[in-house]
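Participant: Below is the structure I would like to discuss, written out as structure tokens.
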Amino acid sequence: MKPVSYLRAHSVEEAAAAHGGRAEARYLGGGTNLVDLMKLGVDRPEVLVDVSRLPLDRVEERPDGSVWAGATVRNSDLAAHPLIRERHPLLSQAVLSGASGQLRNAATTGGNLLQRTRCAYFQDLSKPCNKRVPGSGCAAIEGVNHDHAVLGHSPHCVATNPSDLSVALSALDAVVELAGPGGGRNVPVTEFHRLPGDRPDLDTEIRPGELITGVLLPPLPEGAVCRYRKVRERASYAFALASVAAVLQVEDGEIRHAAVAFGGLAHRPWRARRTEAALLGARPGPDVFAQAVRAELDEAVPLRDNAYKVSLAQDLATQVLDSLTAPS
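Just so we're aligned, residue 951 is where the sequence shown starts under our numbering, counting upward by one.
Structure follows, in structure tokens:
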């Protein structure tokens, strides 16, 4: 058994100093993903810095109307918080669609942003995986790949991001707050996760030793409506084959604001910029929505087993957008 050092941090500064940007160190929040990977031998840290007791477990309103959620807020608490349910209901819908109740009681906001792919080849030490061992190859490309990426993948990796929360945060234009050895900085969620390129071992733009301290949600445009929907292989406790987070604002019969993000289709939450551009200024309707979604998914490059994801995402996104403008 490999020995692991453990430290419980009592402040952000203490946590950052204990981590020190070392490759063998990990922050430990809820542990719902990291501990599983340690059990499998996929991740083998030498130092665990427990950040679960840091004073980052609040959800609060800021003077400009934005909502801040601390990194250690439990997923169940985030989904149930009145500010989230009232101001950003699609975030609550997304969190409640993920994992089980027991896992949501342990998992944290920061950890959810950092969870790693559920690609079976990533978790199987007997198979090559460029994400786990750079340069070893990708068994999924010619293997069983029915739940893998159709957008933005590379010859080095076809894995998908498993987070529901991150898809919602992407559509909400949230900002990730980070603290680390170089000080604090903010990164838009839409730029936080990476496409695989030739470095699929890097999931995010986070720098060595940086710690997520919170997420800032700007206010939605006045009158905007939003929704999150997810398709999975069973009714509970399964990752998305495809999911959609959408925000629409319609004034005087025209779409004035549109934000659409897909989950389950790419290495990161996929912000559908082509769809959004096609929607702005248009009059809402099923044909307009279908055409706008198609503009995005025409870029998809399915693998051998997952062409179904393109039509699935097409129908799902069109239905979600149509539901946001349907008479109540």
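Don't be surprised by glycine CBs; every beta carbon is placed ideally from N, CA and C.
Are I1162 and V1125 closer than 8 angstroms when you measure CB to CB?
Facilitator: no
Participant: Verify the contact flag: L1028, CB atom, against every heavy atom of the ligand NAD, threshold strictly below 7 angstroms.
Facilitator: Among the components of this structure there are no ligands whatsoever, and the ligand NAD is therefore not found.
Participant: Hey, out of A1049, R1254 and S1002, whose CA is closest to G957's CA?
Facilitator: This sequence places Leu at residue 957; Gly is not what is there. For the residues A1049, R1254 and S1002, the minimum Cα distance to L957 belongs to S1002.
Participant: For T1058, does the three-state DSSP call read helix, strand or coil?
Facilitator: T1058 carries a strand assignment under DSSP once its states are collapsed to helix, strand and coil.
Participant: Nearest-angstrom Cα distance between L987 and D1000?
Facilitator: 16 angstroms
Participant: Would G981 and T1022 qualify as a contact pair, given that the criterion is a beta-carbon distance under 8 angstroms?
Facilitator: Going by beta carbons, G981 and T1022 fall outside the 8 angstroms limit.
Participant: Taking the Cβ atom as the reference point for each residue, do H1096 and N983 lie within a distance shorter than 8 angstroms?
Facilitator: No; because the gap between Cβ atoms is not below 8 angstroms, this pair is not in contact.
Participant: Just to confirm the assignment, what range does the beta strand (DSSP E) spanning D1000 have?
Facilitator: V997 to D1000
Participant: If contacts are defined as beta-carbon pairs under 8 angstroms, then P1219 and H1143 qualify, I think. What distance do you get, rounded to the angstrom?
Facilitator: 6 angstroms
Participant: Count Cβ pairs between the stretch 1049-1065 and the stretch 1105-1115 that sit closer than 8 angstroms; are there 3 or more?
Facilitator: yes
Participant: When you compare the stretch 1006-1015 with the stretch 1182-1199, are there three or more beta-carbon pairs, one atom per stretch, that lie closer than 8 angstroms?
Facilitator: The way I'd put it, the stretch 1006-1015 doesn't touch the stretch 1182-1199; fewer than three beta-carbon pairs between them come closer than 8 angstroms.
Participant: Which residues mark the beginning and the end of the alpha helix (DSSP H) in which N934 is found?
Facilitator: Summary: the structure shown does not reach residue 934, with the chain confined to residues 951 through 1278, and so no result is reported for it.
Participant: Under a three-way DSSP split, which group does Y1187 fall into?
Facilitator: Assignment of Y1187 by DSSP, reduced to helix, strand and coil, places it in the coil class.
Participant: Based on the DSSP secondary-structure assignment, which residues constitute the bridge partners of H1207?
Facilitator: Q1199
Participant: Measuring CB atoms only, is the stretch 1152-1170 touching the stretch 1018-1034, in the sense that at least three cross pairs come out at less than 8 angstroms?
Facilitator: yes
Participant: What residue range is occupied by the uninterrupted beta strand (DSSP E) comprising A1019?
Facilitator: V1017 to G1020
Participant: Consult DSSP for A1154 and reduce its assignment to one of helix, strand or coil.
Facilitator: Note that residue 1154 corresponds to Thr in the displayed sequence, not to Ala. Reduced to three states, the DSSP call for T1154 is strand.
Participant: How many Å lie between A1240 and L1271 at the Cα?
Facilitator: Within the model, the alpha-carbon separation for A1240 versus L1271 is close to 9 angstroms.
Participant: Rounded to a whole number of angstroms, what is the C-alpha to C-alpha distance between D1202 and P1236?
Facilitator: 18 angstroms
Participant: Within a Cβ cutoff of 7 angstroms, which residues of the same chain sit near A959, ignoring the five residues on either side of it in sequence?
Facilitator: A965, A968, V999, D1000, V1001 and L1004
Participant: So, helix, strand or coil for S1120, using DSSP?
Facilitator: In this structure, S1120 counts as helix in the three-state DSSP scheme.
Participant: So, are the CB atoms of T1110 and L1215 less than 8 angstroms apart?
Facilitator: yes
Participant: Based on Cα-Cα distance, which residue from E1092, T1140 and E1172 lies nearest to L1253?
Facilitator: E1092
Participant: The beta strand (DSSP E) spanning L990 covers which residue range?
Facilitator: For L990, there is no enclosing beta strand (DSSP E); the enclosing alpha helix (DSSP H) covers residues L984 to L990.
Participant: My output table needs one value for L1167: the three-state DSSP class, helix, strand or coil.
Facilitator: strand
Participant: Span of the alpha helix (DSSP H) holding V1270?
Facilitator: Y1258 to T1275
Participant: Cα separation between S1050 and A1029?
Facilitator: 13 angstroms
Participant: Below 8 angstroms on the Cβ atoms is my contact criterion, and I expect V997 with S1042 to pass it. Report the Cβ-Cβ distance as a whole number of Å.
Facilitator: Not really, about 35 angstroms apart at Cβ, beyond 8 angstroms.
Participant: Does DSSP classify P1236 as helix, strand or coil?
Facilitator: helix
Participant: Taking Cβ to Cβ, would you say R1066 is nearer than 8 angstroms to D1007?
Facilitator: Between R1066 and D1007, the C-beta spacing is not below 8 angstroms.
Participant: To the nearest angstrom, how far is it from the Cα of A1190 to the Cα of C1176?
Facilitator: 19 angstroms
Participant: Give the straight-line distance between the Cα atoms of H1038 and P1138, rounded to the nearest whole angstrom.
Facilitator: 17 angstroms
Participant: Less than 7 angstroms between C-beta atoms, sequence neighbours within five positions excluded: which residues of the same chain meet that for L1230?
Facilitator: I1205 and A1208
Participant: What residue from P1171, S1026, R1157 and G970 has the CA that sits closest to A1056's CA?
Facilitator: S1026
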